[in-house]
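Let me begin by presenting the structure, written as structure tokens, before commenting on it.
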């Protein structure tokens with residue numbers, strides 16, 4: 001059974017057409033305390049440290065979550081906050097994983113997400129340790145250590161997100177300004193159980209056909 005935080009976020013995301021999640025701060029904190037204790041901090045390879053100014057800025061921007069949840073800052077500068085640990089498998093580098101994510105440009109729950117997997121009506125899939133166009137290096141790094149069904153928040157420096165280019169629409173509208181950090185909500189839907197692959201990549205279906213299959217929750221009979 002999916003944990004309450006996952007169900008709440010899933011329902012809110014679908015009901016509000018993927019705009020702003022309907023969880024209040026109080027509900028979020030209550031959800032974070034349901035079920036399992038918070039996860040242990042994920043490990044990560046050491047990378048170039050941030051400048052003092054950039055680290056100070058990240059600390060200030062993450063104040064809302066830092067005041068309410070325990071956090072870990074990785075050597076790269078990615079800030080990790082576990083809202084719900086999850087009880088499923090913990091994927092390793094190279095494993096195929098499926099996750100839902102929302103990227104916020106200014107703060108968690110602030111305005112419209114710059115990107116969201118819910119727009120695809122299916123979790124985003126990739127090989128852990130191999131970032132892609134949507135799962136940026138800092139997102140991928142911050143997911144290491146999560147368990148299936150876990151819900152994690154990340155504060156990602158610009159250098160590990162959209163960099164000096166930022167993120168724009170095809171018409172040139174800025175979704176994330178250049179050199180700005182981003183705030184990412186991540187739910188690991190399939191970390192190794194295979195439940196998403198069973199529905200979204202069934203045997204005998206071509207790659208093109210598999211990409212057309214839809215399931216937000218990877219649960220049969222559910223959205």
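Residue numbers (UniProt numbering): 1 to 223. Glycine included, each C-beta is placed from N, C-alpha and C at the ideal position.
Please report the straight-line C-alpha distance between residue i and residue j, rounded to a whole angstrom.
i           : j           : result
residue 69  : residue 151 : 13 Å
residue 204 : residue 110 : 42 Å
residue 89  : residue 147 : 5 Å
residue 181 : residue 212 : 32 Å
residue 133 : residue 174 : 17 Å
residue 167 : residue 79  : 21 Å
residue 199 : residue 139 : 25 Å
residue 129 : residue 73  : 19 Å
residue 126 : residue 102 : 16 Å
residue 215 : residue 164 : 34 Å
residue 159 : residue 141 : 13 Å
residue 195 : residue 99  : 12 Å
Are the Cβ atoms of residue i and residue j separated by less than 8 Å?
i           : j           : result
residue 131 : residue 190 : no
residue 161 : residue 136 : yes
residue 108 : residue 153 : yes
residue 114 : residue 186 : no
residue 184 : residue 144 : no
residue 96  : residue 149 : no
residue 83  : residue 71  : no
residue 192 : residue 75  : no
Residues bridged to residue i by DSSP?
i           : result
residue 125 : 98
residue 84  : 151
residue 173 : Note: residue 173 sits in no beta bridge, so no partner.
residue 183 : 104 and 155
residue 190 : 98
residue 277 : Residue 277 lies beyond the stretch modelled for the chain, which goes from 1 to 223, so this question has no answer here.
residue 73  : 79
residue 115 : 103
residue 168 : 174
Buried or exposed: which applies to residue i, given that a residue is buried once 16 or more other Cβ atoms fall within 10 Å of its Cβ?
i           : result
residue 120 : exposed
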